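This report refers to the structure that appears directly beneath it.
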Amino acid sequence: MTSPYLELVASLRQAFPQPVSDRVHDAYFVFSFLRALDQLDSMKSASPLLGQPVTLDYDAAKLATVEKDPQSLEQVTQMLVQQLSGLFIWGHPRAQINVVPPPTIASVIGGLLPSIYNPNLVSEESSKQVAVAEVEVSSMTAALIGYDPAKSAGLFTFGGTATVLYGVKLGLEKACPGSGRSGLRERAVILCSERAHYACLTVANWLGFGQDNVIQVPCSADNEMQTCLLETMARDVLKSGAKIAAIVATMGTTDHFGLDDLASIHEIRDRLVDEFKLDYTPHIHADAVIGWAWSVFNDYDFQKNPLDFRHRTVRALAGAKRRIQKLPLADSLGIDFHKTGFCPYVSTLFLVKDATDLEMISRQQSDTPYLFHDGHYHPGRYTLETSRSGSGPLAALANLRLFGKDGLRSLLGHIVAMAEELREHLEGHAATTVCNRGNFGPVTLFRVYPDGIDTFGILDHELKDARYREKLLAHNEYNRRIFHLVQAEAVKGNGVVISLTDCYRETDYGEPMVALKSYILSPFAEEKYVDAVLESLWKARAIIAQEDAATR
Ligand SMILES: *Cc1c(COP(=O)(O)O)cnc(C)c1O
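Using the numbering used here, read the sequence shown as starting at 23 and increasing by one per residue.
Rendered as structure tokens:
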């Protein structure tokens, strides 16, 4: 008679990958996964959802407890699959929702292998060649964006917010040396644009200098920081005796793909150092989590255009490249492979132009430099995290190899071409207007209007003229109704799922402007689905007109 616990251990052993080669068990492992994929496959349809739309039951979730008895792997797998039902399929051609990419198979495998063998990037001891992969991806990406890989360094971290955190932390140590050790005793600020990600606020809050010390510089109509105002505002900060912890340039804003003018920001920074005889150089961090991928076009020959992009697409890609090619001017960079690099969450790289900057945040000041101390790699000495997964770097490496420059160029080119197509239609129609005109990216913000509105002038009036307040608010509501109608159709498999942003910007008189948003990031996007967006907009307009006529 074996003890019950030994029986349980014996049966649970079957739920682990076998430590010693066992082909039969491998087949069981793979087949278990295959069955999960099969079950997920049966949840696919013409609609961009897995299964049916779901009602989220948090009350039931709050009552969940751990049961006494183990369940079988099969039961658990089935439950996990169910947990995914109702999710959007980001790669579906009828999905234009947000900056969430469908991951490639290569990157899924890149993410999966470390979950089996569990390398820990805290040290090379526990991660071996996965640590080398982190260095490899860092160097490949550094070379891609224009840093010198021999001088720069990179580390994978927990998302775009973390890259801003690392950038500002380095800047804070430069501006207020020793503050990490002894605490901050003076006022320090972050300067960023008003369209910068709220990560800047999070970081100022968590680093302890306070989110009230994030100074947001107004943007131009193209959603770029107005650098002349940056200069004035930075000068005011310095005159007041405060320190500049960092200037954050947003290279691809979340909702609008606005690209800040890094060259001017860099010039202004250097001018201020001279003018105020600063004993530190304010750190420039480029939040390029979205825009970095466009650096594949830095050395694309737009004249010859060997990939044969359409004229309008070439214009858009070259327009983005004009700004993105300045990335090497930043002292550090944030890069999300899980956004425009088609990797699963989380695959985020923080790059620093000068690896020795990391000494400022290393745990033992006495044995610098840490990066390759004794020829060894010790990221755990300067990373905020202790345990770090190998999934991020391997997924990124997988896609960089899978795509090559031409592959990524083609994917981005296709996506931008589809977005251009949508914009062209929206601009050409009397009832719609594009809010981020002159934009070069995959995202389109637009507003739809009822009959009888002159859409050529309306946006400008709504933005600037307080007498339009009532109209603006009514049109905000109108666009919300359009969104709900389009959404309801789309989940049934007619039309396309788009999204709604409650405030793509504030009007000059302080009201939020609602906009509909199409974010195209699926390699399966095609013209006919762009047409489907428009058709569902017209349908929704007709329904609203009918409803309103009925209540009048
Ligand atoms: C998405 C985003 C972030 C946050 O990145 P996560 O990877 O989602 O944590 C920061 N900045 C910008 C501009 C973003 O678009």
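Yeah, the Cβ is synthetic: ideal placement off N, Cα and C, and Gly gets one too.
Computed from a predicted structure; not experimentally measured.
Residue pairing from DSSP places Lys539 in a beta bridge opposite Leu467 and Ser521. The C-alpha of Ala418 is placed about 41 Å away from the C-alpha of Glu533. Residue Met65 holds the alpha-carbon nearest to the alpha-carbon of Gln104 among Ser69, Met65, Ala86 and Leu543. At a cut-off of 6 Å, the beta-carbon of His219 counts as near ligand 1: some heavy atom of the ligand is closer than that. Ligand 1 has a heavy atom closer than 6 Å to the beta-carbon of Thr183.
Ile119 carries a coil assignment under DSSP once its states are collapsed to helix, strand and coil.
Closest in C-alpha terms to Arg431, from the list Pro199, Val318, Tyr490 and Ala572, comes Val318. Relative to the non-hydrogen atoms of ligand 1, the Cβ of Ile437 never comes closer than 6 Å to any of them.
Taking Gly232 as reference, the option from Tyr188, Ser215, Glu569 and Glu208 with the minimal CA-CA separation is Glu208. Bridge partners of Glu528 according to DSSP: Pro534.
Contact between Val374 and Ser174 holds, with the beta-carbon distance rounding to 6 Å and staying under 8 Å.
Excluding residues up to 5 positions away in sequence, Trp314, Ser317, Leu349, Pro350 and Leu355 lie with their Cβ nearer than 7 Å to the Cβ of Ile167 in the same chain. Between the region 34–47 and the region 74–91, the count of C-beta pairs closer than 8 Å stays below three; the two stretches do not touch. Remark: C-beta atoms of Ile542 and Ala420 do not approach each other more closely than 7 Å. DSSP, reduced to helix, strand and coil, places Gln97 within a helical segment of the structure shown.
For Ser215, the enclosing beta strand (DSSP E) starts and ends at Ala210 to Ser215.
In this structure, Glu443 lies near Val552, with their beta-carbon atoms less than 7 Å apart. Judged by DSSP secondary structure, Phe55 falls within the alpha helix (DSSP H) whose first and last residues are Arg45 to Asp63.
Here the region 213–227 makes contact with the region 175–187; the two share three or more CB pairs at distances below 8 Å. Rounded to the nearest whole angstrom, the CA to CA distance from His305 to Asp358 is 20 Å. In the three-state reduction of the DSSP assignment, Gln568 falls in the helix class, which pools H, G and I. By the Cβ criterion, the region 264–271 is in contact with the region 283–295, since at least three pairs of Cβ atoms, one from each stretch, lie closer than 8 Å. Closest in alpha carbon position to Lys343, among Phe331, Asp321 and Leu538, is Asp321.
In the DSSP assignment, Thr454 forms a beta bridge with Val470. Ranking Leu494, Ile346, Leu30 and Val336 by CA distance to the CA of Asp283 puts Ile346 first.
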